[in-house]
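What follows is a single structure, written as structure tokens, with notes after it.
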Amino acid sequence: MRIRKWRKMFQVIAPLLIIVALTMNLIFTFNALNREVQPTGSMNDPNIPSKTIKGSESKSDEKVWNVNHHSLREAIMSHVGQEVVKVAAKSLSARTVKYVHFTYSDPKAYQGPIVDGWPPGKERNLPRYLNGKERPFLIQPNEGRNVSGDVLFMIHSSPEKMSMRDGVRKTWFFYQSICKTRMTALFIVGLHKDPSINQRVRDEAETYGDIVQANFDDHYNNLTIKSLFCFKYAIETKWIKPPEFLFKVDDDSFVNVAHLEELLNKLGSNPKKLLIGHLLPNNPLPKLVLPAEKDNNFTKKWVSPSYMFNGPVYPPFVSGSGYFMSMDAVHCIYNEVLKLPFFHLEDVLITGFGAQNCNITLTDSNQFFAGPPLVSDIVSDDIMVHYTNSYTKNILLKMALFDFLQAKYNALIAQLGSKTDEKPWNLPSNYYFNTTMFQEEYVGRIPKAELE
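Spelled out as structure tokens, the structure:
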């Protein structure tokens, strides 16, 4: 009787203990997600080596330390609780990075959700889309004879996003005029299905002279083709002074060009096979997101059906929101990617498979931030690239003229050799990069309603 009584108690208590253990595990996991984790290696400190994942020269496995900063973020995107726990358990352990082969299933036998615009039977031969048209570029600034300078920005934009392009011109690229490094920024767009929008793009290009329009249908799932047109333009244009680096960035990202100058100084002269960005290690995302119930497309942008790619993991790649490359890396990746079939995830194909096949080391820098935008990121000494939203973009617009005038005033004071403390703005010369002062003395004076 006593044994039977204890057995019944155990049958009641055991499930409760399991539930408590799982709850504690999830609490620990989400606490880890909310903690701010500094990735190993930073381009900010030359004494600390950046975390890198090397290419596949010998195709041998390599141990790297997987910091939970990246893998946990990807696990959140997957919306699978078990995966969060699994990744958290491995987040501080050494992981094996393998050479990833580009494989896919038979498209004729495939049944399931498809990538919008790329059904199983569609031709995936990339040279056909890049080189198969008589006029690959419909609009080119200065007839394709630009003076590039040191860095060429190729900014992904959509034909209809005139306001986004105008925001870039008035905010972060506004500051390049007071930088020592010579930079050129060009927007890359494709064709819109509405002819009137294409006409507006032509008018805008005539006004500003900073738009490249490539001959392809502009669509989210054609971002790979858009990036390859960026590379093609950078490689084939007859530059008066060829660029040394290409910086691919989206029009909803903000670039602190002053930090870019610091990065160039640290890199030294003529670095080879350079690719810097926000590194995403191997992750099993392709299998984790469920397809939509109402239509035949995937609910998430970052997944792949097996007819496009059926490997267990993606290769290590850097976030497509912004990455920085030496021109020799641009040449090699462009040539290697054209040998591969089309894949709709641009950053995976180009900075993952392309860099892997070029034997290029991916350099992770915590200055390339792919998380939610914060006001403090605008002036942070640690952030060079991050997303923008309407709130941060309006702050940037309001401070652009203010800071530009201050910089001009400081230059005038330096030219006159005056050391007077009576300045029109009682702020230090590095005001724009001082996070605390910016938030307290500038943002604090602007009503939030005015910024929205």
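In my numbering, the protein residues as written are 259 to 710. Think of the CB as a built atom: it goes at the ideal place given N, C-alpha and C, for glycine as much as any other residue.
Rounded Cβ spacing between residue i and residue j (contact assumed at less than 8 Å)
i	j	result
D605	S577	6 Å
N473	R423	In fact, because the Cβ distance is near 20 Å, the residues do not count as touching under 8 Å.
N568	Y387	Not confirmed; about 22 Å, so no contact.
A516	L410	At roughly 18 Å, the Cβ-Cβ gap does not stay under 8 Å, so A516 and L410 are not in contact.
V373	H602	5 Å
M415	F445	Reading off the sequence shown, one finds Ser at residue 415, where the question assumed Met. Indeed they touch by this definition, with Cβ atoms about 5 Å apart.
Y614	P573	One detail in the question is off: residue 614 reads as Gln in this sequence, not Tyr. Yes, they are in contact, since the Cβ atoms of Q614 and P573 sit about 5 Å apart, within 8 Å.
R382	F600	4 Å
V588	L504	5 Å
Separation of residue j from residue i, as counted between CA atoms
i	j	result
T621	C590	17 Å
V507	Y581	7 Å
V447	C488	10 Å
T619	E520	21 Å
V513	I413	11 Å
N617	L532	11 Å
Q529	S584	It is Pro, not Gln, that sits at residue 529 in the sequence shown. So the two alpha carbons sit approximately 7 Å from each other.
E464	P399	9 Å
K366	S564	11 Å
I608	L525	22 Å
P453	L396	14 Å
G535	G610	12 Å
G425	R458	17 Å
W376	N479	8 Å
D364	L598	16 Å
N389	P539	32 Å
K380	K490	23 Å
D509	D586	25 Å
L518	S527	15 Å
H477	Q471	13 Å
Three-state secondary structure assigned by DSSP to residue i
i	result
H517	helix
I413	strand
T482	helix
M566	coil
K499	strand
P371	coil
N615	helix
L596	coil
K391	coil
G610	helix
S527	coil
K366	helix
V426	helix
L538	strand
S511	strand
E408	At residue 408 the sequence reads Asp, which differs from the Glu that was named. Reduced to three states, the DSSP call for D408 is coil.
Y581	strand
V358	coil
D605	helix
V576	strand
N624	coil
D475	strand
K506	strand
Cut-off 8 Å between Cβ atoms - residues of its own chain near residue i, not counting five sequence neighbours on either side
i	result
G407	T439, R440, M441, T442, K499, P501
Y368	P378, P563, S564, Y565
G467	P399, N400
F360	F567, G569, L598, P599, F601, F611
Chain-order list of residues whose beta-carbon lies under 6 Å from that of residue i (same chain, five-residue window excluded)
i	result
L596	L384, P385
N593	none
L537	V576, L620, D622
A658	Residue placement at A658 is poorly supported in this model, since its pLDDT is 47, which falls under 50; the coordinates are not used for a value here.
L481	E604
T678	Residue placement at T678 cannot be trusted, given a pLDDT of 41 that sits under 50; the coordinates are not used to answer.
I483	Y387, F474
G612	I591, E594, V595
Contacts around residue i, its chain only, beta-carbon distance under 7 Å, and the 5 residues preceding and following it disregarded
i	result
N456	P417, L449, H450
E255	For residue 255 there is no data in the structure shown, the boundaries of the chain being 259 and 710.
D736	The displayed coordinates of the chain run from 259 to 710. Any statement about residue 736 would go beyond what the structure contains.
K391	N473
Proximity test, residue i beta-carbon vs the ligand MG heavy atom, cut-off 7 Å
i	result
V595	In the structure on display, the ligand MG does not appear, and there are no ligands present to speak of.
Cutoff 8 Å: residue i Cβ touching any chain D Cβ
i	result
N383	Looking for chain D here will not work: only one protein chain is present.
At 4 residues or longer, and completely inside the stretch 428-470: list those alpha helix (DSSP H) runs for me, N to C.
453-466
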